[in-house]
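K.L.:
There are 2 protein chains.
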Amino acid sequence: MARESDEKALELPAGIAPAVILVEPQLAENIGMTARAMANFGLSELRLVNPKNGWPKKGVREAASGATHVLDGATVFPTVAEALADLNFVLATTARERGQMKRVFSPEEGMAEVCARPGQRIGVMFGRERVGLSNDEVSLADAIVTFPVSPDFPSLNLAQAVLLVGYEWRRASGRALLPFAGEMQTPPASREALIALFGKLEAALDAAGFYPPEKRDGIARNMRDMLHRMAMTEQDVRTFQGALKAVSRAMKTGGAG
Amino acid sequence: MARESDEKALELPAGIAPAVILVEPQLAENIGMTARAMANFGLSELRLVNPKNGWPKKGVREAASGATHVLDGATVFPTVAEALADLNFVLATTARERGQMKRVFSPEEGMAEVCARPGQRIGVMFGRERVGLSNDEVSLADAIVTFPVSPDFPSLNLAQAVLLVGYEWRRASGRALLPFAGEMQTPPASREALIALFGKLEAALDAAGFYPPEKRDGIARNMRDMLHRMAMTEQDVRTFQGALKAVSRAMKTGGAG
Chain A
0 MARESDEKAL
10 ELPAGIAPAV
20 ILVEPQLAEN
30 IGMTARAMAN
40 FGLSELRLVN
50 PKNGWPKKGV
60 REAASGATHV
70 LDGATVFPTV
80 AEALADLNFV
90 LATTARERGQ
100 MKRVFSPEEG
110 MAEVCARPGQ
120 RIGVMFGRER
130 VGLSNDEVSL
140 ADAIVTFPVS
150 PDFPSLNLAQ
160 AVLLVGYEWR
170 RASGRALLPF
180 AGEMQTPPAS
190 REALIALFGK
200 LEAALDAAGF
210 YPPEKRDGIA
220 RNMRDMLHRM
230 AMTEQDVRTF
240 QGALKAVSRA
250 MKTGGAG
Chain B
0 MARESDEKAL
10 ELPAGIAPAV
20 ILVEPQLAEN
30 IGMTARAMAN
40 FGLSELRLVN
50 PKNGWPKKGV
60 REAASGATHV
70 LDGATVFPTV
80 AEALADLNFV
90 LATTARERGQ
100 MKRVFSPEEG
110 MAEVCARPGQ
120 RIGVMFGRER
130 VGLSNDEVSL
140 ADAIVTFPVS
150 PDFPSLNLAQ
160 AVLLVGYEWR
170 RASGRALLPF
180 AGEMQTPPAS
190 REALIALFGK
200 LEAALDAAGF
210 YPPEKRDGIA
220 RNMRDMLHRM
230 AMTEQDVRTF
240 QGALKAVSRA
250 MKTGGAG
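Respectively, the protein sequence lines represent chains A and B. Letter by letter, the first sequence follows residues 0 to 256 of numbering that gives the first Met the number 0. Letter by letter, the second sequence follows residues 0 to 256 of numbering that gives the first Met the number 0.
(1) Thinking C-beta only, is G122 (chain A) closer than 9 Å to V89 (chain A)?
(2) Go ahead and label S172 (chain B) buried or exposed: buried means 16 or more other beta carbons lie within 10 angstroms of its beta carbon, across all protein chains shown.
(3) Along chain B, in chain order, which residues have C-beta atoms closer than 8 Å to that of E233 (chain A)?
(4) Going by beta carbon distance, what residues of the same chain come within less than 6 Å of L45 (chain A), once the five residues before and after it are set aside?
(5) With distances taken Cα to Cα, identify the nearest neighbour of L155 (chain B) among B:F125, B:V48, B:T232.
(6) Give the secondary structure of G181 (chain B) by DSSP, where H, G and I count as helix, E and B as strand, and everything else as coil.
(7) List the residues of chain A that L155 (chain B) touches, going by C-beta distances under 9 Å, in chain order.
(8) Going by alpha carbons, who is nearest to K251 (chain B) out of B:R190, B:S105, B:D135, B:A207?
(9) CB V113 (chain B) to CB P17 (chain B), shorter than 9 Å?
(10) Please check the pair L196 (chain A) and Q240 (chain A), which I expect to be a contact at CB under 8 Å, by giving their CB distance rounded to whole angstroms.
(11) Report the neighbours of V148 (chain A) on chain B: residues whose CB is nearer than 7 Å to its CB, in chain order.
(12) Give a yes or no on whether 9 Å exceeds the smallest Cβ distance from T264 (chain B) to chain A.
(13) In the DSSP assignment, find the unbroken beta strand (DSSP E) run with V19 (chain A) in it and report its ends.
(14) Could you check what DSSP says for R116 (chain A) in three-state terms: helix, strand or coil?
(15) Would you kindly work out how many angstroms separate the C-alpha atoms of N87 (chain A) and D224 (chain B), rounded to a whole number?
(16) Does the beta-carbon of T185 (chain A) have 16 or more other beta-carbons within 10 angstroms, so that it is buried, or is it exposed?
(17) My assumption, with CB atoms under 8 Å, is that A142 (chain B) sits in contact with F104 (chain B). Please give the rounded CB distance.
(18) Hey, how far is the Cα of T232 (chain B) from the Cα of A115 (chain B)?
(19) Identify whether R169 (chain A) lies in helix, strand or coil by the three-state DSSP scheme.
(20) With the cut-off set at 9 Å, would you say E108 (chain A) and R170 (chain A) are in Cβ contact?
(21) What's the call for S149 (chain B), buried or exposed, on a 16-neighbour Cβ count within 10 Å?
(22) Report the option in A:P153, A:L21, A:M37, A:I30 whose CA atom is closest to the CA atom of F152 (chain B).
(23) Distance cutoff 9 Å, beta carbons only. Does M225 (chain B) sit that close to anything in chain A?
(24) How would you label F75 (chain B), buried or exposed, when you count the other beta carbons within 10 angstroms and need 16 or more for buried?
(25) Mind pulling the chain A residues with CB within less than 8 Å of T145 (chain B)?
(26) So what does DSSP say about I15 (chain A), is it helix, strand or coil?
(27) Could you compute how far the alpha carbon of R127 (chain A) sits from the alpha carbon of K56 (chain A)?
(28) I'd like to confirm the pairing. Which residues does DSSP put opposite M124 (chain A) in its beta bridges?
(29) State the Cα-Cα distance for the pair R248 (chain B) and A203 (chain B), rounded to the nearest angstrom.
(30) Which one of A:L243, A:V137, A:V48, A:V144 has the shortest CA to CA distance from L177 (chain B)?
(31) Determine the chain B residues that contact E96 (chain A) at a beta-carbon separation under 7 Å, and present them in chain order.
(32) Tell me which same chain residues have a C-beta within less than 7 Å of the C-beta of S64 (chain B), skipping the five on either side of it?
(33) Under 7 Å between beta-carbons, which chain A residues line up against Y166 (chain B)? List them in chain order, please.
(34) Measure the alpha-carbon distance for L162 (chain A) versus H227 (chain B) and round it to whole angstroms.
(35) Mind checking the stretch 101 to 134 of chain A against chain B and listing, in chain order, the residues whose C-beta falls within less than 7 Å of any C-beta there?
(36) Among residues of its own chain, excluding the 5 on either side of K101 (chain B), which ones have a beta-carbon nearer than 7 Å to its beta-carbon?
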């Protein structure tokens, strides 16, 4: 998984992020959360077709939680055909089969298809909260995207569907970099440091009378196994040795020295 | 991408779905939408640690949009340690680096790790809406999951973070089947049917005087290219031929026959 420090090296093409088209969306909360989901994954072009009960809507900016730039840039169209007019390739999200002879993609497959069309203007259509897209609206799209939801509970919230598409687009386009990396960046401690640590630990446990005599070596080896699994770095070994030193001193003097 | 008809053949192991642990969640809407997101991807074990401003909360059932079975089954704990007690492997979701020497996974990598631990009880922790998890809480986890969000807008809504983890778990565990397939299931029309269609189309266009004489063959071949790209099935060819027949008849008789 690439980290953000690799981003400049990637030389990603500009202008291929798909437009998100909401057809007759109703709830301010859903539109606002759609804007937020888009911003989370680097999408910014929002098109609204004939929003129900007017536009702009009360409460939509709060629901966008700071992604108001997406709302401010949103374009409103009276019909689906007008919203799609300039696009070269269009995907329609549907939960149910529509009896149309269309390719059906998972979100991952759909976004791979998008990234295979550099320079084309792409749109992804999302339907009304309750009834989705009409069959006629679906017939204006090239292909369908559907979500691999549980058949026991298939109804995805509108903004959550947008989130999944944005997330998969970001992955497919090579931009899905994690903001930070883990400890794997630091190499494990040298064998010398580890063996020295084993020695100090076993000496301390011997002095504490911890080992039952007949089991001493077996238990010591089990503990070495545990320490191996800790995959200690040099710093970890120093920390552990510092703790052992304090404990060993306290055992000799009978208290914190 | 496997379709749901393959599901029985998969013989998926039971009991490996991770528990979702929300630490001091505040908004009813977020908890309800978390339950919905979990149900969408087949997660059902929700654990709430010390929900802010009490539990149950007004409005949480509405926000769950039918996923109330997840809410009804949710367990409430006073502390994180108690919520995690019975788990064998724990992931903590964080947006920022925490200065801890932990493995950091993308959601995809984290869920692959979960699926590599069949039979283990797994939990994924999600923090407070505003401030996330504390460093001490993160220190109780084995590893971190972070999301490949845009650095320009990294703040993911709590329920949306849960959705992404559920989605990636479903994919990693081989359950991410699409509810329906596309037209690829039907083979293309035979060459014989296609060639017959070319003949009928070209005869109709000849009769209509469509082709400029010196360009006739070139245009006819371009149209054959377009028809190839349509990837017509036998049924498509019959439909097209029916349309041609009606048009050809009307051209002879001067109107709809």
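Every residue gets a Cβ at the ideal spot worked out from N, C-alpha and C, and that includes glycine. Since we're looking at a predicted model, the values are computed, not measured.
P.N.:
On the basis of the supplied data:
(1) yes
(2) buried
(3) The contacting residues do not exist; E233 (chain A) stays about 12 Å from chain B at best.
(4) V19, V69, A73
(5) B:F125
(6) coil
(7) R35, A36, N39, L162
(8) B:A207
(9) yes
(10) 6 Å
(11) N39, F40
(12) With chain B represented from 0 up to 256, any question about residue 264 (chain B) goes unanswered, as that position is not in the structure.
(13) 18 to 22
(14) coil
(15) 19 Å
(16) exposed
(17) 6 Å
(18) 43 Å
(19) helix
(20) no
(21) buried
(22) A:M37
(23) no
(24) Note that residue 75 (chain B) corresponds to Val in the displayed sequence, not to Phe. By the neighbour-count rule (16 or more Cβ atoms within 10 Å), V75 (chain B) is not buried but exposed.
(25) L177, P178, F179
(26) coil
(27) 16 Å
(28) A:I20, A:A91
(29) 10 Å
(30) A:V144
(31) F179
(32) R35
(33) L163
(34) 36 Å
(35) K101, R102, V103, S105, E108
(36) A142, I143
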